[in-house]
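I have placed the structure first, in the form of structure tokens, so that the comments after it can refer back to it.
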Amino acid sequence: MKPNRRQVLAGAAAAVALGPQSVLAAGSKVLRAAPAMAQIAPPEFAQTPVWAFDGTAPGPVLRYTQGARLQRQLVNALPQPTAVHWHGIRIDNAMDGVPDLTQSAVPPGESFDYDFVLPDAGTYWYHSHNQSMEQVARGLSGALIVDEATDGPALDGERVWLLDDWRLDPESIEIHDSFGAFHDLSHAGRIGNIVTTNGTFELTDKVRAGDRLRLRLINAANARIFELGLQGLRGWIVALDGMPLARPRPVPDRFALAPAQRVDLIVDVIAGAGEPAHLLRHEREGAISQVWIEVAEGTTPRVRAAPQPLPPNPDFGAPEMRDARAVGVLMQGGAMRGMAGGAEYRGRKLDMRALAREGMFWALNGQADRNARPLFRASRGETVRIAFANDTAFPHAMHLHGHHFHLVGEDGRIGDLRDTILVDAGRTAEVALRCHNPGKWLFHCHMLGHAAAGMMTWYEVS
Ligand code: C2O
Ligand code: CU
Numbered sequence: 004m005k006p007n008r009r010q011v012l013a014g015a016a017a018a019v020a021l022g023p024q025s026v027l028a029a030g031s032k033v034l035r036a037a038p039a040m041a042q043i044a045p046p047e048f049a050q051t052p053v054w055a056f057d058g059t060a061p062g063p064v065l066r067y068t069q070g071a072r073l074q075r076q077l078v079n080a081l082p083q084p085t086a087v088h089w090h091g092i093r094i095d096n097a098m099d100g101v102p103d104l105t106q107s108a109v110p111p112g113e114s115f116d117y118d119f120v121l122p123d124a125g126t127y128w129y130h131s132h133n134q135s136m137e138q139v140a141r142g143l144s145g146a147l148i149v150d151e152a153t154d155g156p157a158l159d160g161e162r163v164w165l166l167d168d169w170r171l172d173p174e175s176i177e178i179h180d181s182f183g184a185f186h187d188l189s190h191a192g193r194i195g196n197i198v199t200t201n202g203t204f205e206l207t208d209k210v211r212a213g214d215r216l217r218l219r220l221i222n223a224a225n226a227r228i229f230e231l232g233l234q235g236l237r238g239w240i241v242a243l244d245g246m247p248l249a250r251p252r253p254v255p256d257r258f259a260l261a262p263a264q265r266v267d268l269i270v271d272v273i274a275g276a277g278e279p280a281h282l283l284r285h286e287r288e289g290a291i292s293q294v295w296i297e298v299a300e301g302t303t304p305r306v307r308a309a310p311q312p313l314p315p316n317p318d319f320g321a322p323e324m325r326d327a328r329a330v331g332v333l334m335q336g337g338a339m340r341g342m343a344g345g346a347e348y349r350g351r352k353l354d355m356r357a358l359a360r361e362g363m364f365w366a367l368n369g370q371a372d373r374n375a376r377p378l379f380r381a382s383r384g385e386t387v388r389i390a391f392a393n394d395t396a397f398p399h400a401m402h403l404h405g406h407h408f409h410l411v412g413e414d415g416r417i418g419d420l421r422d423t424i425l426v427d428a429g430r431t432a433e434v435a436l437r438c439h440n441p442g443k444w445l446f447h448c449h450m451l452g453h454a455a456a457g458m459m460t461w462y463e464v465s
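Letter 335 of the sequence shown, counting from 1, is numbered 338 in this note's numbering, and no numbers are missing.
Here it is as structure tokens:
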């Protein structure tokens, strides 16, 4: 599809002309960010004005084969500058979509050509990375699926379920414009009052008894940690944050999916035709159906063997723990704990009150917000061990751009490869990354209000 000038202008808030960058690279397709309408609330309610990629919230499922090049021209028809981050992709730094670190934000009416190779198969996602706290909450996210270049386990089907929540004004059904409300920033973040799957309230799906399915779950919410479970389905976790597990692991009764995290499951439909099956969400008041699954006649459900692991992604080297450089990350701030000693913000030491006036409520190692100095610099091939200490009263989903890292157990054992780790309140956690991807990379909490309120730094690999 070729964008024409009128199309681009139609949704823009102001009459804006396309910049010179709008000439499409060969083979490039458009990804257009613009206002749209979506049925977020239950069907008896009105539609909600959202910001959408290609007219839908979430945006289209972008699907490629491992090793392919993603070429998309972001066309900004929003009333704000924007940029797209390709979450979890071990990407070329210039394509990472972080304003003022890897590119300039794209002004309204202009465009930016994203063009990069997808080294890894798996479940990823894309989202706005400018004023993310607002832009992601308005709908600017979508699934990015990279298929294995070789055949994986035999399946009867696959589902991509992007979970999200929305804060709607109960009267107008519009997105509540309380972005950056100090209470959200300093507490658990912006938690919505409508939970959706693929943008739909109470999504229903149909399967057949006995089917074996791959479920790709993505948490695109600003701050909500989903506690999930299965009913009528039984299966295995086969990948976390896109990366295959060496051995599939039975799905536990309950499992957490923190903001930005993904989990791939292979499940067998063990419910018979007409019996209940659900993706469940556990809330204080009990289990709620996140996806309502109708089971049709199929084969007789039977106990099946665990699937083969997914083919591994390229190995950029295991961490070398003996020569690793140690980096501590002290997470501080927020309601109920605060930062007694204040923190440095824009080169000045401020006390808590002065920080709050700047909208800053969190710090990493005494630094609020991204500083001129990186958290660490490392060279390619080097291993960095990061020890998190969460000295706050809230859990945080810590995310590194550019690399996946290995979890490190208390016994020092190397665990799963992830790009986002949930560090519970008052807890410590350790990860190790073998640096292989040069560039300046962001490092932040994926509770987007926390990131906007100081829990953000960066690191550099050269
Ligand atoms: Cu989904 Cu800075 O990330
Ligand atoms: Cu946080």
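Quick reminder that beta carbons are idealized off the backbone N, C-alpha and C, glycines included.
In this text, all values refer to a predicted model and were calculated from it rather than measured experimentally.
>> Could you compute how far the alpha carbon of residue 98 sits from the alpha carbon of residue 106?
In response: One C-alpha to the other measures close to 8 Å.
> Considering only the beta carbon of each residue, do residue 267 and residue 308 sit closer than 9 Å?
Replying inline: Residue 308 sits away from residue 267, with the two beta carbons spaced by 9 Å or more.
> Does the beta carbon of residue 458 fall short of 8 Å from some heavy atom of the ligand MN?
Replying inline: In the structure on display, the ligand MN does not appear, and the ligands it does have are the ligand C2O and the ligand CU.
>> Counting C-beta neighbours from all protein chains within 10 Å, is the total for residue 18 16 or more, i.e. buried, or is it exposed?
In response: With a pLDDT of 34 at residue 18, under the threshold of 50, the modelled position of that residue is not reliable, and no figure is offered here.
> So, is residue 304 buried or exposed, given that buried needs 16 or more other C-beta atoms within 10 angstroms?
Replying inline: Per the 10 Å Cβ criterion, buried.
>> Alpha carbons only, please: which of 285, 165 and 278 is nearest the one belonging to residue 210?
In response: Cα-wise, what sits closest to residue 210 is 278.
> What three-state label does DSSP hand residue 79 in the structure shown?
Replying inline: The answer is strand: DSSP assigns residue 79 an E or B state.
> Under a Cβ-count criterion, where at least 16 other Cβ atoms within 10 Å of its own Cβ denotes burial, should residue 372 be classed as buried or exposed?
Replying inline: Under this definition residue 372 is a buried residue.
> Once you ignore the five residues that flank residue 366 on each side, which residues in its own chain have a CB closer than 7 Å to its CB?
Replying inline: Correct list, in chain order: 335, 336, 342, 346 and 457.
> What whole-angstrom Cβ distance do residue 310 and residue 269 have, given they're in contact under 8 Å?
Replying inline: Yes, they are in contact, since the Cβ atoms of residue 310 and residue 269 sit about 5 Å apart, within 8 Å.
>> Less than 8 Å separating the Cβ of residue 101 from some heavy atom of the ligand C2O?
In response: Yes, the beta carbon of residue 101 sits closer than 8 Å to at least one heavy atom of the ligand C2O.
> For residue 448, is the beta carbon positioned less than 8 Å from some heavy atom of the ligand CU?
Replying inline: Correct: residue 448 has its Cβ closer than 8 Å to the ligand CU.
> Using a threshold of 8 Å, is the CB atom of residue 1 nearer than that to any non-hydrogen atom of the ligand CU?
Replying inline: Outside the shown range of the chain (4 to 465) lies residue 1, about which nothing can therefore be said.
> What does a CB cutoff of less than 7 Å around residue 355 pick up in its chain, not counting 5 residues either side in sequence?
Replying inline: Same-chain partners within the cutoff: 341, 342 and 345.
>> Taking the beta strand (DSSP E) that residue 451 belongs to, which residues open and close that run?
In response: Where residue 451 is concerned, there is no enclosing beta strand (DSSP E), although the alpha helix (DSSP H) it sits in stretches over 451 to 455.
>> If distances are taken between C-alpha atoms only, which option among 254, 139 and 235 comes closest to residue 454?
In response: Looking at the Cα atoms, 139 is the closest of the given residues.
>> Looking at the secondary structure, which residues open and close the beta strand (DSSP E) in which residue 421 lies?
In response: It spans 417 to 421 - the beta strand (DSSP E) in which residue 421 sits, taken as one unbroken run.
> Roughly how far, in whole angstroms, is the beta-carbon of residue 196 from the beta-carbon of residue 170, given that I think they are within contact range, below 8 Å?
Replying inline: About 6 Å separates the Cβ atoms of residue 196 and residue 170, confirming a contact at the 8 Å cut-off.
> What three-state label does DSSP hand residue 24 in the structure shown?
Replying inline: In this prediction, residue 24 scores a pLDDT of 40, lower than 50, which makes its location untrustworthy; the coordinate-derived value is nonetheless stated afterwards. Assigned with DSSP and collapsed to three states, residue 24 falls in helix.
> Among residues of its own chain, excluding the 5 on either side of residue 252, which ones have a beta-carbon nearer than 7 Å to its beta-carbon?
Replying inline: The residues are 239 and 240.
> Do you know offhand how far residue 379's Cα is from residue 301's?
Replying inline: Looking at the two C-alpha atoms, the distance is approximately 55 Å.
>> For residue 452, count the other beta carbons within 10 Å of its own beta carbon; 16 or more makes it buried, fewer makes it exposed. Which is it?
In response: Its Cβ being crowded by 16 or more others within 10 Å, residue 452 is buried.
> What do you reckon, is the C-beta of residue 407 under 8 Å from a heavy atom of the ligand CU?
Replying inline: Within the chosen limit of 8 Å, the ligand CU does not reach the beta carbon of residue 407 with any heavy atom.
>> For residue 461 and residue 133, I'd like the C-alpha separation in whole angstroms.
In response: So the alpha carbons of these two residues sit roughly 16 Å apart.
>> For residue 435, which residues in the same chain have their Cβ closer than 8 Å to its Cβ, ignoring the five residues on either side in sequence?
In response: Spatial neighbours of residue 435 in its own chain (CB-CB distance under 8 Å, excluding positions within 5 residues in sequence) are listed in chain order as 322, 324, 327, 386, 387, 388, 389, 408, 409, 411 and 417.
>> What does the alpha-carbon distance come out to for the pair residue 131 and residue 222?
In response: Straight across, the Cα-Cα distance linking residue 131 with residue 222 is about 15 Å.
>> One question on the structure: do residue 271 and residue 236 come within less than 9 Å of each other, judged by their Cβ atoms?
In response: Yes.
> Can you check whether the CB of residue 150 is closer than 9 Å to the CB of residue 68?
Replying inline: At the C-beta level, residue 68 and residue 150 come within 9 Å of one another.
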